[in-house]
Amino acid sequence: MRTIYKKKTGMDYEDLLCRFTEMCRRVLGENLTGVYLHGSAAMGCFQQEISDLDLLVIVNADVPDSVKADFMEHVVRLDEEGPGKGMELSLVKREFCRPFVYPTPFELHFSEAHLEWYKRNPQEYVEKMRGTDRDLAAHFMITRRYGICLWGAGIEDVFGEVPAEAYRDSILYDMENAREDILINPLYVTLNLCRVLGYLREGLVLSKKSGGEWGLEHLPEAFHVLLQKALQCYASGEKISADTEKTVQFADYMTTEIHKMVTVQTGH
4 MRTIYKKKTG MDYEDLLCRF TEMCRRVLGE NLTGVYLHGS AAMGCFQQEI
54 SDLDLLVIVN ADVPDSVKAD FMEHVVRLDE EGPGKGMELS LVKREFCRPF
104 VYPTPFELHF SEAHLEWYKR NPQEYVEKMR GTDRDLAAHF MITRRYGICL
154 WGAGIEDVFG EVPAEAYRDS ILYDMENARE DILINPLYVT LNLCRVLGYL
204 REGLVLSKKS GGEWGLEHLP EAFHVLLQKA LQCYASGEKI SADTEKTVQF
254 ADYMTTEIHK MVTVQTGH
């Protein structure tokens, strides 16, 4: 496995990924198909303060709750050593990856958004954290385009083509409350709206960074200051301080343009 990025403290995140991968091999045993890195870390725009480590763990068969419990204990300990937003991962059975099933069933999911639930009641978490996830279509698309196999079967052997309709639905689902969300997380929503429109207009699968750069080239000049500030903050890891009125105007403009493209492509 090649070096991907390093902490500003000097600690190499490759070490954390190696230990995570070895843990998966040890805990999941022969049931493990592979471990795959996607998201900003795989796309070359990882920022320690504001990024997470995005991982997919693919298994051959159902994972018993007892094994999930063991797995989660290790995940939470490793997460403490992660970047600002920690680790985000999903366990998915291989049968749902190729051919791709949407919405995609998952065996287990973890992110720091769910950490308090896990700490409050680990048994309940392990028993109930399963279902389907529309976000996995976007994760699989990024994995196919940019992902890194940390261990196991090759990406092309595991992940089937993600239909355009599924990917579109997945990224639209992620921004359906953009007008409200941009006030809570202006950096993420601003850049994410750019990459959604970039896909709908040109079929581009973009990172947040490249989405913002696309926005500077294709969106009205009235929003360029906001986009430049978002890109600067993304690069530095600083919190964005943006004009509330301008961010809401941006969200309104982008959602209108996005819905126009959806209407053209779907007829409704």
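Positions in the sequence shown are counted from 1; adding 3 to them yields the numbering used here. Built from N, CA and C at the ideal position, the CB exists for glycine as well.
What do you get for residue i, buried or exposed, if any count of 16 or more other CB atoms within 10 angstroms of its CB means buried?
i    : result
L190 : buried
E110 : buried
H41  : buried
T36  : buried
S244 : exposed
V267 : exposed
P86  : buried
K131 : exposed
G150 : buried
T6   : Low per-residue confidence applies at T6: pLDDT is 42, beneath 50, and the placement is therefore not dependable, though the value from the model is reported in the following sentence. Answer is exposed; the Cβ neighbour count stays below 16.
Q235 : exposed
Could you tell me whether any non-hydrogen atom of the ligand GDP is closer than 8 angstroms to the CB of residue i?
i    : result
F143 : Questions concerning the ligand GDP fall outside what the structure shown contains, since it holds no ligand whatsoever.
Which one or two residues does DSSP pair with residue i in a beta bridge?
i    : result
T135 : P108
G37  : I61 and G155
F113 : L92
F103 : C100
L56  : M90
Measuring CA to CA, which of the options is closest to residue i?
i    : options                  : result
H112 : F99, V129 and R97        : V129
E91  : L20, Q126, R182 and Y105 : L20
E183 : F253, L139 and F23       : F253
Between residue i and the rest of its own chain, which residues show a CB-CB distance below 8 angstroms, the 5 nearest in sequence each way excluded?
i    : result
H227 : L219
P223 : Y256
L186 : T247, T250 and V251
For residue i, which residues from the same chain have a beta carbon less than 6 angstroms from its beta carbon, with the 5 sequence-adjacent residues on both sides left out?
i    : result
K249 : L229
K71  : L111 and V129
L139 : T107
Which residues in the same chain have their Cβ closer than 7 angstroms to the Cβ of residue i, if we skip the five residues on either side of it in sequence?
i    : result
L153 : M4, L20, T24, V38, Y39 and L40
D68  : V129 and E130
Throw me the rounded Cβ distance for the residue i and residue j pair, which I believe falls under 8 angstroms.
i    : j    : result
R198 : G214 : 3 angstroms
R137 : D172 : 7 angstroms
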